[in-house]
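Colleague:
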Amino acid sequence: MRDSAGILSVRDLVAAFDTDSGQVTAVDGVSFDLQAGKTLGIVGESGCGKSVTAMSIMRLLPQPAGKILGGRVFYGDEDLASVSDERMHEIRGAEISMIFQEPMTALNPVQRIGKQLSESLLIHEGLSKKDAWDRSIELLQMVGIPSPEVRVSEYPHQLSGGMRQRVVIAIALACNPKIVIADEPTTALDVTVQAQILDLLKSLQDSLGMSVIMITHDLGVIAETCDDVVVMYAGRVAERGPINAIFNQPQHLYTKGLMSSIPRIDSPRKEKLNTIEGSVPSLMNMPVGARFAPRSWHPSIQEYLQSDEFATVRPDLVNIGEDHWVEDCPYVRTF
Amino acid sequence: MENRESKPLLEVENLKVHFPVKEGVFSRAKRYCKAVDDVSFSIMPGETLGLVGESGCGKSTLGKAICRLLKPTSGRVRFDGQNIELMGKSELRPLRRDMQIIFQDPAESLNSRHTIGEILEEPFVIQKIGNAIERRQKVKGLLDKVGLPQSSTEKYPFEFSGGQRQRIGIARAISLEPKLIICDEPVSALDVSVQSQILNLLMDLQEEMNISYLFIAHDLSVVRVISDRVGVMYLGKFVELADGEELFRNPVHEYTKALISAIPDPRPGISKKRTVLRGDVPSPIDPPPGCYFARRSPIEVSEEIASTPGEYKEIGEGHWVEVHPATVDNYKELSAL
Ligand SMILES: Nc1ncnc2c1ncn2[C@@H]1O[C@H](COP(=O)(O)OP(=O)(O)O)[C@@H](O)[C@H]1O
Ligand SMILES: Nc1ncnc2c1ncn2[C@@H]1O[C@H](COP(=O)(O)OP(=O)(O)O)[C@@H](O)[C@H]1O
Ligand SMILES: [Mg+2]
Ligand SMILES: [Mg+2]
Chain A
1 MRDSAGILSV RDLVAAFDTD SGQVTAVDGV SFDLQAGKTL GIVGESGCGK SVTAMSIMRL
61 LPQPAGKILG GRVFYGDEDL ASVSDERMHE IRGAEISMIF QEPMTALNPV QRIGKQLSES
121 LLIHEGLSKK DAWDRSIELL QMVGIPSPEV RVSEYPHQLS GGMRQRVVIA IALACNPKIV
181 IADEPTTALD VTVQAQILDL LKSLQDSLGM SVIMITHDLG VIAETCDDVV VMYAGRVAER
241 GPINAIFNQP QHLYTKGLMS SIPRIDSPRK EKLNTIEGSV PSLMNMPVGA RFAPRSWHPS
301 IQEYLQSDEF ATVRPDLVNI GEDHWVEDCP YVRTF
Chain B
1001 MENRESKPLL EVENLKVHFP VKEGVFSRAK RYCKAVDDVS FSIMPGETLG LVGESGCGKS
1061 TLGKAICRLL KPTSGRVRFD GQNIELMGKS ELRPLRRDMQ IIFQDPAESL NSRHTIGEIL
1121 EEPFVIQKIG NAIERRQKVK GLLDKVGLPQ SSTEKYPFEF SGGQRQRIGI ARAISLEPKL
1181 IICDEPVSAL DVSVQSQILN LLMDLQEEMN ISYLFIAHDL SVVRVISDRV GVMYLGKFVE
1241 LADGEELFRN PVHEYTKALI SAIPDPRPGI SKKRTVLRGD VPSPIDPPPG CYFARRSPIE
1301 VSEEIASTPG EYKEIGEGHW VEVHPATVDN YKELSAL
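Here the protein sequences line up with chains A and B, keeping their order. Once you know that position 234 of the first sequence is 234 in my numbering, the rest is easy, because the numbers rise by one and skip nothing. Plus 1000 on top of the position in the second sequence (first one is 1) and you've got my numbering.
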């Protein structure tokens, strides 16, 4: 049934929302593998479907509008896209947990930090209240919060943004999950704090051995933290592969465009940056063919845009190197 | 732009903006949030001064005080030869043509019930420039300049993407051919591919119109690309100011080093040495005495030394640094200068 030995394998995932103007497909046939103990990055511009992919894996799509329309999410012998709600409830928090961008929305403002940390320990680990409280203090210590025995009785608003994100990480790690999905965990933080949080995640991963899916729009964060990368564009995977292949030999024009449009710390000053002309197509009228084609600078792109192929054939991914896959359409690839 | 002959367009001297902190009726001593605390710098015509620092360090407040959306508590702002820090509304009006501000989310400053045509025409109407036909002609020219289609005039702000809305914001800002634009995080909310389009547009316009920018951002790589000189703010004060290349190649203040070393490098496998700060940003309400940065610096000093203020001084041509035992690693040498 499975064609790869990752700890989590997503295959042809399709997720959609019912909206006033009809159904929109936010994630359209996404596949990738998370290897045990490794970090997989998902990168792409806002609206490309990163969060919807994560929420589909966790089965946390907003209800009733959001639905998984197809595909599988293999975890061990199970398919998370079809297991019962009860089973999913057991898995969430205990085996797979999530860290969100905005710590304030992930935390309950009127509950003491210790209570929030204890919650999953009581549910999943069956600890007594006293033990759960003590373990909460240990967890706060583990994520580098000073005076944890004081902080454990405080409320979220009494902490700085960086400290709150540490609490969210502590909650996510409370039950020793095998997989952590971090959705833009540092986007709301200043660079100095971001660096601290990324270092913290890395060292916790090394000591606890979990696998991580790191979702971000920041290629710098990807380069510093990931082993493998999935580049998403308009709900689909444009290219995926090992970090070095993606950064050093990008094959998709979108990946290339992204790489060359970021200002780098060593870019010459006052020199024009590269840009990708045009903009992302709207969810309401996505092309069937290669979605990046209308922005492609391939010399014969007009032929493709006018072809039946563009109107009717959805390109698959093709393997072009060890675990390196790219959309199988010559008009959006390096030429 | 290097132009040592001409006079600065903007000179800011010892500028302070202190906000009174609202407290209970019974508290006696009034406390202040020292958002901008004794800042001095200047900007030359056609020059971009980048401004970086963590959130809450006072960047936006400084920008607003300069263009007089806020009244400074004390200090001087000299713009194009005139002292403007005490000017009233009517005195400021003619200056509004020459000094504009753009924000992170232009949507907030674009009236959602007006078409783009109306929004862009408004500054001409207010300043009583041209007749209806001439004004429409000017709007067309603006749309061309910022790369928006002519059909935009009939549309409303919500019909545009974030990047396009920022182009509209820029079109409005340049409509009266200003000498200075304060850019407050204009690309922070945009995706990288759109961000590079907007940065290029700003650089093009500067070349064409010789505009000066005060460019505020928390992304140092962005600031580096667009700026001639860069100032680093910490808790309401400038801690370092230098030519951009110099600042990034040879940062002197430990805080600048920390900021630069924290930027994630988009090249896998490069491991760099990080300057790690202790603790969190302290509050600008009743900041600790002496050197604000001393208690976070990787160079640890005694509380007694931390409580003595540093000295903001020029250590090389045009390179200013807050010199204090906790802020620089060659204090002896620099303090002797
Ligand atoms: N609750 C929802 N209802 C309708 N559309 C949604 C909803 N949530 C997300 N979408 C759409 O799905 C697409 C993917 O969104 P998302 O996964 O959040 O993007 P990102 O890559 O920025 O995380 C977007 O176009 C977004 O508008
Ligand atoms: N109108 C105001 N009243 C009181 N305090 C303010 C006001 N505006 C800003 N502040 C405070 O001033 C400090 C600097 O804020 P700001 O200039 O917005 O920082 P930045 O733009 O660098 O993030 C912050 O502590 C902020 O809370
Ligand atoms: Mg998202
Ligand atoms: Mg600000």
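Note that CB positions come from ideal geometry on N, CA and C, so glycine has one too. Note that the structure is predicted; figures quoted are calculated from it, not measured.
Might you give, ordered along the chain, the residues of its own chain that have their beta carbon closer than 7 Å to the beta carbon of glutamate 1134 of chain B, omitting 5 neighbours on each side?
Modeller: Cβ neighbours of glutamate 1134 of chain B beyond the five flanking positions: none.
Colleague: Determine whether the Cβ of glutamine 1347 of chain B lies closer than 8 Å to any Cβ atom of chain A.
Modeller: Missing from the structure shown is residue 1347 of chain B; chain B here goes from 1001 to 1337 and no further.
Colleague: Go ahead and pull the three-state DSSP assignment for asparagine 1003 of chain B.
Modeller: Because the pLDDT of asparagine 1003 of chain B is 49, which lies under 50, any placement of that residue in the model is unreliable, and the number read from its coordinates should be weighed accordingly. Reduced to three states, the DSSP call for asparagine 1003 of chain B is coil.
Colleague: For isoleucine 99 of chain A and proline 177 of chain A, which I take to be in contact (beta-carbon distance under 8 Å), what is that distance rounded to the nearest angstrom?
Modeller: With a Cβ gap of about 11 Å, isoleucine 99 of chain A and proline 177 of chain A do not count as contacting.
Colleague: Measure the CB-CB distance between histidine 1253 of chain B and aspartate 190 of chain A and report whether it falls below 8 Å.
Modeller: For histidine 1253 of chain B and aspartate 190 of chain A, no; Cβs fall outside 8 Å.
Colleague: Return the residues of the stretch 253-286 of chain A that lie within a Cβ-Cβ distance of less than 7 Å from chain B, sorted by chain order.
Modeller: Answer set for the stretch 253-286 of chain A: Gly257, Leu258, Ser261, Ile262, Pro263, Arg264, Ile265, Ser267, Arg269, Lys270, Lys272, Leu273, Asn274, Thr275, Ile276 and Ser279.
Colleague: Run down chain A in chain order and give the residues with a C-beta less than 8 Å from the C-beta of glycine 1244 of chain B.
Modeller: Within 8 Å Cβ-Cβ: Arg269.
Colleague: CB-CB under 6 Å to glutamate 1002 of chain B, same chain, minus the five flanking residues each way: which ones, in chain order?
Modeller: Confidence is the limiting factor: at glutamate 1002 of chain B the pLDDT is only 49, short of 50, which leaves the residue's position unreliable, though a coordinate-based value still follows. For glutamate 1002 of chain B, where only same-chain residues beyond five positions count, there are no Cβ hits under 6 Å.
Colleague: Please report the residue range of the beta strand (DSSP E) in which tryptophan 297 of chain A lies.
Modeller: Run containing tryptophan 297 of chain A: none; DSSP gives neither H nor E here.
Colleague: Do valine 143 of chain A and isoleucine 181 of chain A have their C-beta atoms within less than 8 Å of each other?
Modeller: It is not a contact, given that the beta carbons lie outside the stated cut-off.
Colleague: Following a CB-centred definition, is aspartate 199 of chain A positioned closer than 7 Å to any heavy atom of ligand 4?
Modeller: Outside the cutoff, so no.
Colleague: Kindly list the residues whose CB is nearer than 7 Å to the CB of lysine 38 of chain A, restricted to its own chain and excluding five residues on each side of it in sequence; keep chain order.
Modeller: Same-chain partners within the cutoff: Ser211, Asp227 and Asp228.
Colleague: What does DSSP give as the partner residue(s) for histidine 1319 of chain B in the beta ladder?
Modeller: B:Gly1316, per the DSSP bridge assignment.
Colleague: On the three-state DSSP scale, how would you describe isoleucine 197 of chain A?
Modeller: Isoleucine 197 of chain A: helix per DSSP, three-state reduction.
Colleague: Give me the residue from B:Ser1297, B:Ser1042, B:Asn1083 and B:Tyr1331 with the minimum Cα distance to threonine 192 of chain A.
Modeller: Comparing Cα-Cα distances from threonine 192 of chain A to each of B:Ser1297, B:Ser1042, B:Asn1083 and B:Tyr1331, the minimum goes to B:Ser1297.
Colleague: Can you have a look at alanine 1065 of chain B and say buried or exposed, based on whether 16 or more other CB atoms are within 10 angstroms of its CB?
Modeller: Counting Cβ neighbours within 10 Å, alanine 1065 of chain B comes out buried, since at least 16 surround it.
Colleague: Going by beta-carbon coordinates alone, are lysine 1030 of chain B and histidine 1018 of chain B separated by less than 8 Å?
Modeller: Cβ atoms of lysine 1030 of chain B and histidine 1018 of chain B: not closer than 8 Å.
Colleague: Could you tell me the alpha carbon to alpha carbon distance between proline 109 of chain A and glutamate 138 of chain A, rounded to whole angstroms?
Modeller: If I take the Cα positions, the gap works out to 22 Å.
Colleague: Would you say the beta carbon of aspartate 1184 of chain B is closer than 7 Å to some non-hydrogen atom of ligand 4?
Modeller: Yes, the Cβ of aspartate 1184 of chain B comes within 7 Å of a heavy atom of ligand 4.
Colleague: Is the closest heavy atom of ligand 2 to the C-beta of lysine 1237 of chain B under 7 Å?
Modeller: No - ligand 2 has no heavy atom lying nearer than 7 Å to the Cβ of lysine 1237 of chain B.
Colleague: To the nearest angstrom, how far is it from the Cα of tyrosine 1408 of chain B to the Cα of isoleucine 1216 of chain B?
Modeller: Only positions 1001 to 1337 of chain B appear in this structure, which leaves residue 1408 of chain B out of reach.
Colleague: Nearest-angstrom Cα distance between glutamate 90 of chain A and glutamate 1122 of chain B?
Modeller: Cα to Cα, the separation comes out at about 59 Å.
Colleague: Using a Cβ-Cβ cutoff of 7 Å, what residues of the stretch 211-231 of chain A are near chain B? List them in chain order.
Modeller: Result list: His217, Asp218, Leu219, Gly220, Val221, Ala223 and Glu224.
Colleague: Where does valine 1021 of chain B fall in DSSP's three states?
Modeller: Valine 1021 of chain B: coil per DSSP, three-state reduction.
Colleague: Once you ignore the five residues that flank tryptophan 133 of chain A on each side, which residues in its own chain have a CB closer than 8 Å to its CB?
Modeller: The answer, listed in chain order, is Gly114, Ser118 and Val152.
Colleague: List the residues of chain A whose Cβ lies closer than 8 Å to the Cβ of asparagine 1200 of chain B, in chain order.
Modeller: Residues of chain A passing the Cβ test: Lys272, Leu273 and Thr275.
Colleague: Comparing the CB of methionine 1053 of chain B with every heavy atom of ligand 2, is any distance shorter than 7 Å?
Modeller: Here the sequence assigns glycine to residue 1053 of chain B, which means methionine is not the residue at that position. At least one heavy atom of ligand 2 is nearer than 7 Å to the Cβ of glycine 1053 of chain B, so yes.
Colleague: With a threshold of 8 Å between beta carbons, is isoleucine 1299 of chain B in contact with chain A?
Modeller: Answer no: the Cβ-Cβ gap between isoleucine 1299 of chain B and chain A never drops below 8 Å.
Colleague: When you compare each of A:Gly44, A:Thr275 and A:Asp85 to isoleucine 57 of chain A by their alpha carbons, which one comes out closest?
Modeller: Among A:Gly44, A:Thr275 and A:Asp85, the Cα nearest to that of isoleucine 57 of chain A belongs to A:Asp85.
Colleague: Smallest Cα separation from aspartate 199 of chain A: which of A:Thr225, A:Leu208, A:Gly220 and A:Gly76?
Modeller: Comparing Cα positions, the closest option is A:Thr225.
Colleague: Is isoleucine 243 of chain A near alanine 223 of chain A, with beta carbons less than 8 Å apart?
Modeller: Yes, they are a contact pair.
Colleague: Quick check on valine 1252 of chain B - is its C-beta less than 8 Å from some C-beta in chain A?
Modeller: No - not a single Cβ of chain A is within 8 Å of the one on valine 1252 of chain B.
Colleague: Locate the alpha helix (DSSP H) running through asparagine 244 of chain A, then write down its first and last residues.
Modeller: Its alpha helix (DSSP H) spans residues 243-248.
Colleague: Strictly below 7 Å CB to CB, what residues from chain B border alanine 195 of chain A?
Modeller: Correct list: Ala1262 and Arg1274.
Colleague: Any heavy atom of ligand 2 closer than 7 Å to the Cβ of proline 1284 of chain B?
Modeller: True, at least one ligand heavy atom lies under 7 Å from that Cβ.
Colleague: Thinking C-alpha only, which one of A:Gly209, A:Phe17, A:Lys270 and A:Ala311 is nearest leucine 69 of chain A?
Modeller: The candidate whose alpha carbon is nearest that of leucine 69 of chain A is A:Phe17.
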